[in-house]
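A.B. asks: The sequence shown begins at 1350 in the working numbering and counts up by one.
Backbone N, C-alpha and C define an ideal beta-carbon position, used for all residues, glycine too.
I have a structure I would like to understand better, so I am pasting it below and will then ask my questions one at a time.
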Amino acid sequence: MPFDHPPVPRDWCTVVLRRSSLHRLLLPLLLATLLPGRIDAAPPSPSSLRVIDLEEEPHAVFSGDARDIVVLFFLAPECPVSNRSVPTMRALAAEFAGAHVRFLGVYPEPDEPLANLRRHAAEFRLDFPLRVDRPHALVRHTGVTLTPEAVVADGQGTLLYRGRIDDRFVDFGRERPRATREDLREVLLALRAGRRPPFRATQGFGCTLNQPVPSR
């Protein structure tokens, strides 16, 4: 009696690939060859982020050392809430700045003249280093949406906190005599005590960011 072989399916190649343990390795390579436009490029690493200072000199923001702490204050010259928060920013920088803790003010201003920013920095006595994020590279990395807004990250750019400095501001023209919750200071106290709290975000209050004009 002859041995009956099962019919070979037309899509035998597909069947073999599906049944083979190698298909999970071969299929991505095949797709990458046939559909190169479908593979997204990896985002730039935080250590590659560069922003300019008020003299147009570029600077790295993150050192690459996880032991370092970077505190970013996003501020805007025309935002009244941002301007009224400057004394608190200066006080926190004076209290917590140290060998492994750096404070930076960031102007996320796409087209404000540098002369205006220098004048604002002098008028409000901003005595920590200042940076200008014209293309919003830091904005995208941190996820900020307002000024003023604070961000705490380690030296590798890993975010530890994003949000309000404290809860003093309720609305435009309305504020508490003093804050009842000092969110940023709580995070910095924990880090100074050797504790690394999990990432936390709070809802701030202030002015929406001026967005860069898309290039054509």
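1) Around the Cβ of T1382, are there at least 16 other Cβ atoms within 10 angstroms (buried) or fewer (exposed)?
2) Assuming contact is defined by CB atoms lying nearer than 8 Å, are D1417 and V1455 in contact in what I supplied?
3) Report the CB separation of R1541 from F1445 in whole angstroms; it is logged as a contact under 8 Å.
4) Give me the Cβ distance between E1498 and D1515, rounded to the nearest whole Å; I'm assuming they're in contact under 8 Å.
5) Measure from the alpha carbon of M1438 to the alpha carbon of each residue in C1428, R1399, L1453, Y1510, then state which is nearest.
6) Can you name the start and end residues of the alpha helix (DSSP H) that F1566 belongs to?
7) For my contact list, G1512 and G1555 are in at a C-beta cut-off of 8 Å; report their separation, rounded to the angstrom.
8) Please look up how many angstroms separate the CB atoms of P1426 and L1487, rounded, as I've assumed it's under 8 Å.
9) Is F1477 closer than 8 Å to A1442 when the C-beta atoms are compared?
10) Within 10 angstroms of its Cβ, does A1502 collect 16 or more other Cβ (buried), or is it exposed?
11) Taking all protein chains shown into account, do 16 or more other C-beta atoms lie within 10 angstroms of the C-beta of P1457, making it buried, or fewer, making it exposed?
C.D. replies: Result, derived from the coordinates:
1) With a pLDDT of 43 at T1382, under the threshold of 50, the predicted position of this residue should be treated as unreliable, and no value is reported.
2) no
3) 7 Å
4) 12 Å between Cβ atoms; not a contact.
5) L1453
6) Coverage of the chain is limited to positions 1350 through 1565, which leaves residue 1566 absent and any answer about it impossible.
7) Not really, about 11 Å apart at Cβ, beyond 8 Å.
8) With a Cβ gap of about 17 Å, P1426 and L1487 do not count as contacting.
9) yes
10) buried
11) buried
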